[in-house]
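Undergrad:
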Amino acid sequence: MRVRFAPTPTGNLFVSGVRVALANYLFAKRGNGEMLLRIDDLDPERGRKVHADQIIQDLHWFGIDWQASFRQSERLALYQDTIERLKRDKFIYPCFESEEELKAKQEFRRKRHQSPIYDRAMLKLTDKQRIDAEAGGKVPHWRFKLSGRTLAWQDLILGPREATLSAVSDPILVRADGTPSPVLASVVDDIDYGTTHIIRGEDNAGNTAVQIELFEVLRGVKKPIRFAHLPALSDSGKTAPGGRKAGNLALRSLRNDGVEPCSIAACMTGIAATDGSVLPLDKLVEGFELADLAASRFDITEMLAVNRRVLAGMDFAAVADRLPAGATEAFWLAVRGHLDLLKEARGWWDVVAGTIVPPVIEGARALLLEAEALLPAEPWDNTVWATWITALEQATGLTGDALQMPLRLALIGEDSGPDLADLLPLIGRPRASSRLLIAAT
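Mapping of the sequence shown onto this note's numbering: residues 867 to 1307, in sequence order.
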């Protein structure tokens, strides 16, 4: 078994692309097969090396690896050999229409309520007409002459499929500049590397029948390649941090926000451990089926909830290099259960080690002054909160929220979040005293 993930390096790797990569990775692992990474960089205007490098980095961060990789731009000689073979065997034919002429033909057919497929006019050219066209400076592109038959195949996700090639335009396999089309280059690569399964997005499903026929022309009738098409990814209508929808969520942005790879994968597959915990990528392989990724919904709210559980269980060592400078293990243990995104730890570190603007706390001046006066002497440890609250309860007769909410607002500026018993030793006596006095003014 051999699969491949084939991104075009035009920019960021989005969640939809990661889903395709994950499907290939888990499918290959489950079948003890191999995964290849192919960079589709034939178009120099769209494919940039810097984007290809970023995609590779993002996949490594996500936990996806592969057994071999290559860039299509390195294989032009092989594609050219195939083009010459197709010309020699007359599987492709030259066409001299300009883009404007082709658009005019399509519009002409539409106005007559006809399918706007290519009319094969160039098949009728004589040798002399072709020679004259080239002598006049016209450079042809080359189309693949389809058989017109009806093809049927079993999609591993979508089920039985069929297409009649007479209803499809003969595809351009060679551009006017001599470079191969993505369809041709992809088929050549899949034959050369022995691809057995093509798992990709449903937006590519329309090319399947053409590719099947091209496979047969180039390698003969052998064991067919199996296809699986993932439905387009939709979202729950919720927005992610920064107002982004699932369709335009870049993996790098999620990484920078502090979403863990296993949280993303869990939401894509819906697979969890028997106890409901989130599984790392390498543990998703057992029991994986393509149907696990066939669901088209990606719920951002669910992803954040999953990530909250993941962060709550992470050790300090796993995040230390991503926390603000100076953040300690005690700080992480205090805040980790209150984060949807790791980047939110920065806000809590500012609360602990920086300055805050406390809200106006009506009717609490006397309580806050009393609280400041009863602050225990340093050094502080994890018992200071209980000692302080006990003294305040005895002095004021207040308990519960009536006592603790004004203190919380004065000390951290928030009415919810980590326990003050955990935060107070980190804030320290000088900062706590200052905040209580400021809030009392």
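Positions of the beta carbon are idealized from the N, C-alpha and C atoms, including for glycine.
What you are looking at is a predicted structure, and each value in this text was computed from that prediction instead of being measured.
Around the Cβ of G1220, are there at least 16 other Cβ atoms within 10 angstroms (buried) or fewer (exposed)?
TA: Exposed.
Undergrad: How about A1160 and L1096: are their beta carbons less than 9 angstroms apart?
TA: Contact: yes.
Undergrad: Decide yes or no for the touch test of the segment 935-950 against the segment 981-996: beta carbon pairs closer than 8 angstroms, at least 3 of them.
TA: Taking 8 angstroms as the limit for Cβ pairs, the verdict is that the segment 981-996 does not touch the segment 935-950.
Undergrad: So L908 and P1048 are in contact, right, with Cβ under 8 angstroms, and what is the actual spacing, rounded?
TA: Confirmed, about 7 angstroms.
Undergrad: With a threshold of 6 angstroms on Cβ separation, who are the neighbours of K977 within its own chain once the five nearest residues in sequence on each side are excluded?
TA: Answer for K977: no residue qualifies.
Undergrad: Where do the N-terminal and C-terminal ends of the beta strand (DSSP E) with W1246 fall, by residue?
TA: Note, W1246: premise wrong, no beta strand (DSSP E); not H, not E.
Undergrad: By Cβ distance below 8 angstroms, which residues in the same chain neighbour A1042 in space, the five residues on each side in sequence not counted?
TA: Once the five neighbours on either side are set aside, the close Cβ partners of A1042 are V1005, P1006, H1007.
Undergrad: Using the Cα positions of P1284 and E1195, report the straight-line distance between them to the nearest angstrom.
TA: Distance between the alpha carbons of P1284 and E1195 is about 14 angstroms.
Undergrad: Are the beta-carbon atoms belonging to H917 and G883 less than 9 angstroms from one another?
TA: No, the Cβ-Cβ distance between H917 and G883 is not below 9 angstroms.
Undergrad: Could you compute how far the alpha carbon of L1240 sits from the alpha carbon of P1272?
TA: L1240 and P1272: Cα-Cα distance of roughly 15 angstroms.
Undergrad: Report the CB separation of E900 from R868 in whole angstroms; it is logged as a contact under 8 angstroms.
TA: That belief holds up - the Cβ atoms of E900 and R868 are roughly 5 angstroms apart, short of 8 angstroms.
Undergrad: With which residues is D1021 paired in a DSSP beta bridge?
TA: Beta-bridge pairing links D1021 to G1025.
Undergrad: So, does the segment 1011-1029 touch the segment 1049-1058, judging by three or more C-beta pairs under 8 angstroms?
TA: No, the segment 1011-1029 is not in contact with the segment 1049-1058.
Undergrad: For the beta strand (DSSP E) containing M901, name the first residue and the last one.
TA: Start and end: 900-905.
Undergrad: For S935, report the span of its alpha helix (DSSP H) as first-last.
TA: That residue, S935, is in no alpha helix (DSSP H); its beta strand (DSSP E) goes 934-937.
Undergrad: Give me, in chain order, the residues of the same chain whose beta-carbon lies closer than 6 angstroms to that of L1292; leave out the 5 immediate sequence neighbours on both sides.
TA: Result list for L1292: F1197, V1218, in chain order.
Undergrad: Are the CB atoms of I949 and A887 within a distance shorter than 9 angstroms?
TA: No, Cβ-Cβ distance for A887 and I949 is not below 9 angstroms.
Undergrad: Looking only at its own chain, which residues have a Cβ that is under 8 angstroms from the Cβ of A1033, when we skip the five neighbours before and after it?
TA: S981, I983, listed in sequence order.
Undergrad: Alpha carbon to alpha carbon, how far is A1211 from L1012?
TA: C-alpha separation (whole angstroms): 59 angstroms.
Undergrad: In chain order, what residues of the same chain lie with their CB nearer than 7 angstroms to the CB of L1205, ignoring the 5 residues before and after it?
TA: Only R1174, L1177, A1211 meet the Cβ criterion.
Undergrad: Between which residues of its own chain and I1278 is the CB-CB distance below 7 angstroms, once the five residues before and five after are set aside?
TA: Result list for I1278: V1217, I1222, L1289, in chain order.
Undergrad: Might you give, ordered along the chain, the residues of its own chain that have their beta carbon closer than 8 angstroms to the beta carbon of L1322, omitting 5 neighbours on each side?
TA: There is simply no residue 1322 to check, as the chain begins at 867 and stops at 1307 in what is shown.
Undergrad: I need the DSSP call for P873, collapsed to helix, strand or coil.
TA: Coil, per DSSP.
Undergrad: Taking C-beta to C-beta, are S1299 and E1238 nearer than 9 angstroms?
TA: Against a cut-off of 9 angstroms, the Cβ pair of E1238 and S1299 comes out as a contact.
Undergrad: Tell me the DSSP bridge mates of W1008?
TA: P960, V1040.
Undergrad: Along the chain, where does the alpha helix (DSSP H) containing H926 start, and where does it finish?
TA: Where H926 is concerned, the enclosing alpha helix (DSSP H) stretches over 915-928.
Undergrad: Does the distance from the CB of Q920 to the CB of L892 come in under 9 angstroms?
TA: No, these two residues do not count as a Cβ contact at 9 angstroms.
Undergrad: Shortest alpha-carbon distance to T1045 belongs to which of A943, A1075, R1295?
TA: Nearest option by C-alpha distance: A943.
Undergrad: May I ask you to list the residues that DSSP assigns as paired with P1046?
TA: Beta-bridge pairing links P1046 to V1040.
Undergrad: Report the three-state DSSP secondary structure of T1307 (helix, strand or coil).
TA: Coil, per DSSP.
Undergrad: Whose CA, out of G1060, L1233, I1255, lies closest to the CA of P1242?
TA: Comparing Cα-Cα distances from P1242 to each of G1060, L1233, I1255, the minimum goes to I1255.
Undergrad: To the nearest angstrom, how far is it from the Cα of E1079 to the Cα of T1016?
TA: Those two C-alpha atoms are separated by around 10 angstroms.
Undergrad: Cβ atoms of F871 and R896: under 9 angstroms apart, would you say?
TA: No, they are not a contact pair.
Undergrad: Buried or exposed: I1166, going by 16 or more other Cβ atoms within 10 Å of its Cβ?
TA: Classification for I1166: buried.
Undergrad: What alpha helix (DSSP H) runs, 4 residues minimum, are completely inside the segment 1126-1164?
TA: The segment 1126-1164 contains these whole alpha helix (DSSP H) runs: 1127-1135.
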